[in-house]
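Trainee: Start counting the sequence shown at 6; every next residue gets the next number (my numbering).
Quick reminder that beta carbons are idealized off the backbone N, C-alpha and C, glycines included.
None of the values given here were measured: they were computed from a predicted structure.
To start, I am sharing the structure in question, which I have written as structure tokens.
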Amino acid sequence: MNGKITDFESMGSADGPGVRLVLFMAGCKLRCLYCHNPETWTDKDSKEISPEEVLKKFKKYANYYGEHGGVTFSGGEPLLQSEFLLETIKLLKKNNIHVVIDTAGVASGYDEILDLVDLVILDVKAVEADEYKFITGRDIDEFKTFLESCIKKCKKLWLRQVIVPGINDDETHVLKLKEFANSVPNVERVELLPYHSMGKMKYEKLGIEYRLGDTPNMDKENLKNLEKLLK
Ligand code: SF4
Numbered sequence: 006m007n008g009k010i011t012d013f014e015s016m017g018s019a020d021g022p023g024v025r026l027v028l029f030m031a032g033c034k035l036r037c038l039y040c041h042n043p044e045t046w047t048d049k050d051s052k053e054i055s056p057e058e059v060l061k062k063f064k065k066y067a068n069y070y071g072e073h074g075g076v077t078f079s080g081g082e083p084l085l086q087s088e089f090l091l092e093t094i095k096l097l098k099k100n101n102i103h104v105v106i107d108t109a110g111v112a113s114g115y116d117e118i119l120d121l122v123d124l125v126i127l128d129v130k131a132v133e134a135d136e137y138k139f140i141t142g143r144d145i146d147e148f149k150t151f152l153e154s155c156i157k158k159c160k161k162l163w164l165r166q167v168i169v170p171g172i173n174d175d176e177t178h179v180l181k182l183k184e185f186a187n188s189v190p191n192v193e194r195v196e197l198l199p200y201h202s203m204g205k206m207k208y209e210k211l212g213i214e215y216r217l218g219d220t221p222n223m224d225k226e227n228l229k230n231l232e233k234l235l236k
């Protein structure tokens with residue numbers, strides 16, 4: 006079966022180890038305040054791709070990806086297209102390709118997918134229920150269920166959190182994230198991502214209200230200081 010993507014990047018270097026083919030899958034149930042890819046929320050402007058085409062795209066630049074790179078499924082929420090994802094991942098693994106999913110864990114039907122992927126990049130919107138709902142518009146339960154599955158399957162995890170001025174850019178939040186990360190086995194890395202307002206224009210184009218208004222970009226120096234707390 007075919008999958009729906011909004012875009013892809015042939016030389017991605019920010020979503021997993023090495024240089025990677027990154028596919029931005031269409032569809033997401035969350036509505037994060039800071040989302041900079043609102044065009045991925047639905048499949049309105051998506052294009053179709055088959056598992057074989059994904060493999061072909063990878064093979065085109067296989068020399069660049071080398072031993073350390075691979076394919077990352079990002080989005081949107083890649084797990085919403087679980088049938089396509091499973092079929093494609095099976096094909097990639099048959100070809101010994103390293104596979105990462107970059108997910109918020111808000112989906113279902115991911116059991117077999119989790120068995121096959123090499124690494125899960127898990128977007129931790131917030132560790133507390135009320136703040137999770139404030140940021141994403143949904144309850145935290147599905148995220149917790151997904152995390153439990155990752156723990157049960159001993160999946161290697163990279164945790165990520167977007168740091169937004171005035172929302173979670175303080176010691177208390179980062180220390181809570183650290184405590185959370187320490188409570189989860191197999192966490193290989195914890196990353197803080199700086200909020201930026203580059204997605205704002207997309208909201209205007211799509212006629213969607215941008216709820217963070219004039220929130221400034223996250224200051225890089227302040228972010229570095231917060232990162233020190235994670236050590
Ligand atoms: S989970 Fe990702 S794609 Fe979905 S709304 Fe949040 S930031 Fe956007």
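On the CB-based measure, 16 or more other CB atoms within 10 Å of its CB, does residue 18 come out buried or exposed?
Mentor: With fewer than 16 Cβ atoms within 10 Å of its Cβ, residue 18 is classed as exposed.
Trainee: Report, in whole angstroms, the separation of the C-beta atoms of residue 193 and residue 160, which I expect to be a contact under 8 Å.
Mentor: About 10 Å separates the two Cβ atoms, so there is no contact after all.
Trainee: Could you please give me the residues that DSSP links to residue 86 through a beta bridge?
Mentor: DSSP, once it has assigned bridges, lists no residue as partnering residue 86.
Trainee: Counting pairs of Cβ atoms below 8 Å between the segment 52-71 and the segment 150-170, do you hit three or more?
Mentor: no
Trainee: Going by alpha carbons, who is nearest to residue 21 out of 70, 210, 46?
Mentor: 70
Trainee: Going by DSSP, name the residue or residues bridged to residue 163.
Mentor: Beta-bridge annotation (DSSP): residue 163 is paired with 126, 194.
Trainee: On the criterion of 16 or more Cβ atoms from any shown chain inside 10 Å, does residue 67 qualify as buried, or is it exposed?
Mentor: exposed
Trainee: Looking at residue 186 and the ligand SF4, is the gap between the Cβ and the nearest heavy atom below 8 Å?
Mentor: no
Trainee: Opposite residue 53 in the DSSP bridges: which residues?
Mentor: Beta-bridge pairing by DSSP links residue 53 to 9.
Trainee: Is DSSP giving residue 206 helix, strand or coil here?
Mentor: Three-state DSSP puts residue 206 in a helix.
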